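Going down the list, the sequences are from chains A and B.
Here the first sequence stands for residues 1 to 126, numbered as in the numbering used here.
Here the second sequence stands for residues 1001 to 1176, numbered as in the numbering used here.
All residues carry an ideal CB built from backbone N, CA and C; glycine is no exception.
The structure presented is a predicted model; accordingly, all values stated were derived computationally and were not measured.
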Amino acid sequence: MKRGLAVIILLILAAILISAQYLYVTSQSELYIKMLDTAEDQLAENEVIKAQESIEKLDHRFVGSSGMLKLFLYHADVDAVSVNLSMMRRYIQHGELEEYMALSAGTKRTLHNIRESQQMCVHNIL
Amino acid sequence: MLTIVIRTVIVYASVIGAMRLMGKRQVADMQTSELVIALIISEAAALPLENPSRPLLSSLVPVIILVALEITISILMMKSRRFRGVICGHPIVVIQNGKLIKEEMNRLRISYEDILSLLRQQEIFDIESVKFAVIEPNGSLSVMKNDTGDANGTIESEEIKDQLNSLSEEEQEAAQ
């Protein structure tokens, strides 16, 4: 009976940790992709100042949540996105919009891959 | 470097806790599933120590699930003989009344020399002095000698009794 109870407690603990990881990582990835899209749209409409503010807000937010993300993801992946965001801030400040757009696309792809890695699908299992 | 020290302590405590929960025995007495689980847990637990960039949870969650699986399997093995047979296999009689049972030896892919070696390790040098010799699921050999004090000379195991009964029937058919 004790061992049975131990099994149930362990499975509940595992379920909580797995759910927390899935929900947090997925929601944060989607949020950051959306924020990057917003900045790109603002740039497309020549609202450079607004885009710069969006990217600064995004960078600041990402730095704040990177600690929590590192609980669930490889630190190198989180750091890569953080580095990209800081580079994007510089590019947009200096008006290097082509470099900014290229890096933005790469960062969005990385975030998309991070989100996909949390999904229950065959290629993640295999 | 301090992070590695702390990680090591956490991983060590987790693995010790897991082993205590599973109630491990000595390696020689482990069932197949227990040995597999112990090996996988040790490998999974070592990963965040090798790579500090790897999140600790990515190893601790598999360890938790493996421990839960192992306890579940051990409970099911206690309750179901058939399930136990699937996971661990059955003890197999290889010597009965001083005679080797060649079919079982072939099934186990064990040779005559291997049997003699196992007998010698138990200080038995004459195969005819053996009433029963059983290869256990963990690969060890258990022996009942002819001069054992048990008057009935029986083995308390349903699986072995079933095997001996089926052997007796085959012997009777062969005699006919």
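- Taking a Cβ-Cβ threshold of 9 Å, the residues of chain B close to Phe72 (chain A) are Pro1055, Leu1057, Ser1058, in chain order.
- Residues of chain B whose Cβ lies closer than 7 Å to the Cβ of Val7 (chain A) are, in chain order, Ala1068, Ile1071, Thr1072.
- Contact between the region 98-117 of chain A and the region 38-49 of chain A is present: 3 or more CB-CB pairs across the two stretches fall below 8 Å.
- Residue environment: Tyr91 (chain A) is assigned as buried (16 or more neighbouring CB atoms within 10 Å of its CB, all protein chains considered).
- For Leu1141 (chain B), no Cβ of chain A is located within less than 8 Å of the residue's own Cβ.
- Interface residue (Cβ-Cβ distance to chain B less than 8 Å): Ile114 (chain A) is not classified as such.
- Taking a C-beta cut-off of 8 Å against chain B, the contacting residues of the region 8-25 of chain A are Leu10, Leu11, Leu13, Ala14, Leu17, Ile18, Gln21, listed in chain order.
- Among the CB atoms of chain A, one or more fall inside 8 Å of the CB of Ile1065 (chain B).
- Contact between the region 1091-1105 of chain B and the region 1044-1062 of chain B is absent, with fewer than three C-beta pairs closer than 8 Å.
- Met1144 (chain B): member of the beta strand (DSSP E) spanning 1141-1145, first to last residue.
- Ile1075 (chain B) has a beta carbon lying within less than 8 Å of a beta carbon in chain A.
- With a threshold of 8 Å between beta carbons, Gly4 (chain A) makes contact with chain B.
- If the five residues before and after Leu36 (chain A) are omitted, its C-beta is found closer than 6 Å to the C-beta atoms of Ser104, Lys108, all from its own chain and listed in chain order.
- Rounded to whole angstroms, Ile1037 (chain B) and Arg3 (chain A) show a C-alpha spacing of 17 Å.
- Of the residues assessed, Lys1161 (chain B) falls on the exposed side of the cut-off, its CB having fewer than 16 other CB atoms within 10 angstroms.
- Contact fails between the region 1062-1069 of chain B and the region 1113-1128 of chain B, because fewer than three Cβ pairs, one in each stretch, are under 8 Å apart.
- Interface flag for Val1061 (chain B) against chain A is set, since a Cβ pair is found closer than 8 Å.
- In this structure, the beta-carbon distance from Ser1166 (chain B) to Pro1091 (chain B) does not fall below 8 Å.
- For Phe1132 (chain B), the enclosing beta strand (DSSP E) starts and ends at 1130-1135.
- Close partners of Ala76 (chain A) in chain B (Cβ separation under 8 Å): Ser1053.
- Bounds of the alpha helix (DSSP H) holding Gln42 (chain A) are 2-44.
- Around the beta carbon of Asp59 (chain A), a 10 Å sphere encloses 16 or more other beta carbons of the protein chains shown; the residue is thus reported as buried.
- Below the 9 Å Cβ cutoff, chain A contributes Arg3, Ala6, Leu10 as neighbours of Leu1021 (chain B), in chain order.
- CA-CA distance, Val1067 (chain B) to Met1019 (chain B), rounds to 8 Å.
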